[in-house]
Each structure stands twice: as C-alpha cells, then as structure tokens.
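Enquirer: The opening position of the sequence shown corresponds to residue 1 in full-length UniProt numbering, with each subsequent residue numbered one higher. Using N, Cα and C, we set each Cβ at its ideal position, and we do this for glycine too. Every value quoted in this text rests on a predicted model; they were computed, and no experiment measured them.
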Amino acid sequence: MRLLNVKTLKLEWFHNADVAPSYAILSHRWEDDEVLFEDPESVVHVHPSQAIKPNGWSKVLGCCKIAEQFGISYVWIDTCCIDTSSSSELSESLNSMFAWYQCATLCIAYLSDVTQIWGNDSEDPTAGHPRHSAWFRRGWTLQELLAPNDVLFYQGDWSFLGIRSELADELHKITGIEKTILQRNGLEKLHSLSVAARISWAADRETTRPEDRAYSLLGIFGVNMPILYGEGEQNAFFRLQVMIFQTFSDHSIFAWKALFLPWDTQLVASALLRC
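#1: Is it a yes or a no for the region 99-111 touching the region 16-28, going by three-plus beta-carbon pairs under 8 Å?
#2: Please report the distance separating the alpha-carbon of residue 13 from that of residue 1.
#3: Between the alpha carbons of residue 94 and residue 201, how many angstroms are there, rounded?
#4: So what's residue 5 in DSSP terms, helix, strand or just coil?
#5: Look at residue 182 and residue 145 and say whether their C-beta atoms are less than 9 Å apart.
#6: Do residue 143 and residue 101 come within 9 Å of each other at the CB atom, strictly closer than that value?
#7: Please list the terminal residues of the continuous beta strand (DSSP E) segment that includes residue 215.
#8: Ordered along the chain, which non-local residues of its own chain (more than five positions away) have a Cβ less than 8 Å from that of residue 226?
#9: Looking only at its chain, what residues have a beta carbon closer than 6 Å to the beta carbon of residue 165, apart from the 5 residues adjacent to it on each side?
#10: Assuming residue 233 is part of the alpha helix (DSSP H), what are its boundary residues?
#11: What does the alpha-carbon distance come out to for the pair residue 89 and residue 246?
#12: Smallest Cα separation from residue 112: which of 207, 34, 86?
#13: Bridge partners for residue 284 per DSSP, in chain order?
#14: What residues in its chain sit with their C-beta under 6 Å from that of residue 153, if we drop five residues either side in the sequence?
#15: Which complete alpha helix (DSSP H) runs does the region 121-153 hold, if anything under 4 residues is left out?
#16: For residue 19, count the other beta carbons within 10 Å of its own beta carbon; 16 or more makes it buried, fewer makes it exposed. Which is it?
#17: Please confirm whether residue 198 and residue 221 have their CB atoms less than 9 Å apart.
#18: If you follow the beta strand (DSSP E) that residue 227 is part of, which residue opens it and which one closes it?
#19: Whose C-beta lies closer than 8 Å to the C-beta of residue 137 among residues of the same chain, with five residues either side of it excluded?
#20: If I measure Cβ to Cβ from residue 131 and keep anything under 6 Å in the same chain, skipping five residues before and after, which residues do I get?
#21: Output the boundary residues of the beta strand (DSSP E) element that contains residue 118.
#22: Express the C-alpha separation of residue 168 and residue 82 in angstroms, rounding to a whole number.
#23: Determine the burial state of residue 129: buried for a count of at least 16 other Cβ atoms within 10 Å of its Cβ, exposed for fewer.
#24: Return the CA-CA distance between residue 179 and residue 72, expressed in angstroms with no decimal places.
#25: In angstroms with no decimal places, state the Cα-to-Cα distance between residue 158 and residue 60.
#26: Determine the direct distance from the alpha carbon of residue 170 to that of residue 119, and round the result to whole angstroms.
#27: Contact criterion: CB-CB distance below 9 Å. Does residue 66 meet it with respect to chain C?
#28: Tell whether a beta-carbon distance below 9 Å holds between residue 233 and residue 214.
#29: Rank 79, 228, 240 by C-alpha distance to the C-alpha of residue 219 and give the top, closest one.
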C-alpha cells in the first residue's frame with residue numbers, strides 16, 4: 001500500500017498494512033477536482049488557492065493537518081494512493097480496503113457538504129446539517145463507517161463534528177445500523193448479524209460505477225473476488241452472492257430481491273444451490 005507522508009507530501013510504498021507505520025485514513029466523497037495518483041508531485045508545494053485542483057489539495061492538506069495533530073506521520077487517501085491505471089493494483093486495493101480502514105490508527109470522515117453541528121435540528125436538506133450529508137448515501141462509505149475502531153467526523157471547514165461511538169444514536173437514525181455496531185469495538189458483533197441485515201444497510205446507497213454496489217460490500221462480508229469493471233451490476237452481484245453462499249450457511253441471502261436487487265433472484269438461487 002502507498003501512504004502519503006504528511007511532511008514531505010510524497011508517496012511511500014509499504015508491502016502491506018501490517019508492516020506500515022501508524023497511519024490515518026480518509027473517508028470522503030469523490031468530487032470534481034480530486035488529487036489523483038497521476039497528478040505531478042511538483043504541484044504539491046504550491047498554495048491550494050494557486051493549485052490546479054484547489055479543493056482537492058485543500059482536502060489533502062486538511063487531512064494531513066488532522067493526522068499531524070494526533071502525532072501521525074502518514075495518511076492514506078484513496079484518490080491519490082491507488083494507481084487506478086493498473087487493474088491488478090486496483091483489484092488488490094479494493095479487496096484490501098476494509099482491512100486498511102480496520103488497521104488505521106485514525107479514521108477521518110470528511111463531510112464536505114456539512115456546515116452545521118449535530119445540535120442544530122434542521123429538516124431542510126439544503127441547510128448543511130450532518131444528517132443530510134451525501135456521505136451517508138454513498139456505497140463505499142458504508143464499510144468506511146464500520147471497519148475502523150472509531151471514526152472522527154469533520155465538516156466542510158474542518159471543524160470537528162464528533163466521534164462515531166458518541167454519535168451512535170444519531171447515526172442509527174440515519175443509517176439503520178444497530179447502535180452496538182457503531183460503538184467502539186462494534187465490529188466484533190458485525191459477523192453475528194444475518195446477510196440480509198447487513199445488505200439492508202446498503203439498499204439506498206449509490207455508487208458512480210454500477211459494479212461498485214457489489215464491490216463495496218466485499219469487506220462487510222469478509223470475502224474477496226476479482227474486480228471486473230464492465231461486467232455490469234447484475235454479474236458483479238451474482239459473483240458476490242456465490243462467494244457469500246460458499247462462506248455462510250445463511251439463507252437470508254435469498255431475501256436480497258426484496259431488499260436490494262432490481263432483478264429476479266430465482267436463477268441466482270438455483271445456481272448457488274448447485275455450487
């Protein structure tokens with residue numbers, strides 16, 4: 001895995017998370033001007049206001065600043081730490097991502113569209129309240145919420161919003177996830193829940209690529225499979241279901257039709273039973 005050094009702002013390679021130094025990890029929504037792996041390092045040292053991607057660099061520097069405040073020298077940010085031009089690296093990274101969030105010393109959730117604190121009770125979805133943040137509607141942020149031991153939330157100006165374990169009541173109302181899962185060390189209870197319960201948390205979440213609706217659930221079920229962009233959402237979910245069926249003796253997998261999938265699962269179920 002690659003980590004960004006918060007002092008030099010250069011990427012450094014480590015064989016895996018087990019041998020990597022202590023690092024912070026960013027959970028966020030991809031936006032229009034993200035800093036990518038292929039962006040030249042020479043633009044790192046300019047002020048964000050003068051950068052080609054000012055918002056993207058502000059996000060990177062904001063994450064680095066928070067990490068430094070906790071005495072952490074490295075950060076992992078998906079936009080710039082993965083070489084997406086390499087299909088093998090992308091596949092390995094997406095299959096490892098849950099573990100990377102789990103191993104991080106600190107998880108920083110950046111809600112760029114939030115301008116209010118939790119105490120301001122507003123039902124206006126344009127008012128910038130945390131409960132209306134698009135972060136809660138994205139597919140990949142589900143595992144990023146669950147995998148770390150805890151999560152620190154920050155709003156658009158990097159003001160601190162709170163900690164996942166202390167916001168369990170609010171987060172339960174937004175996500176439907178059991179409060180015991182959202183508290184510290186809640187991951188230990190995750191695998192005791194049914195497949196149907198876990199898949200229900202993703203029912204209303206969206207991804208840019210259709211296949212990511214399946215790929216973003218790999219870590220939540222503790223399974224791995226090749227990443228094949230272009231196969232389509234149905235094929236990706238079929239392969240995911242096969243992996244889950246081979247791993248769990250849980251027939252709630254066949255309840256997915258009502259919870260999540262837009263097509264008939266009878267053929268899927270028939271094929272799974274022949275595995």
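Expert: With the given structure in hand:
#1: yes
#2: Approximately 6 Å, taken between the alpha carbons.
#3: 19 Å
#4: In the structure shown, residue 5 sits in a strand (DSSP, three-state: E or B).
#5: Taking 9 Å as the Cβ cut-off, residue 182 and residue 145 qualify as a contacting pair.
#6: yes
#7: Where residue 215 is concerned, there is no enclosing beta strand (DSSP E), although the alpha helix (DSSP H) it sits in stretches over 212-215.
#8: So the list reads 91, once near-sequence residues are dropped.
#9: Once the five neighbours on either side are set aside, the close Cβ partners of residue 165 are 150, 183, 184.
#10: Here the alpha helix (DSSP H) through residue 233 covers 233-247.
#11: 26 Å
#12: 34
#13: Residue 284 lies beyond the stretch modelled for the chain, which goes from 1 to 275, so this question has no answer here.
#14: Cβ within range, chain order: 109, 161, 162.
#15: 140-146
#16: exposed
#17: Going by C-beta atoms, residue 198 is nearer than 9 Å to residue 221.
#18: Neither: residue 227 is in no beta strand (DSSP E) and is coded neither H nor E.
#19: 204, 205, 206
#20: 174
#21: For residue 118, there is no enclosing beta strand (DSSP E), as DSSP gives it neither H nor E.
#22: 31 Å
#23: buried
#24: Here the alpha carbon of residue 179 sits roughly 29 Å from the alpha carbon of residue 72.
#25: CA-CA distance, residue 158 to residue 60, rounds to 12 Å.
#26: 10 Å
#27: The structure shown contains no chain C; it is built from a single protein chain.
#28: yes
#29: 240
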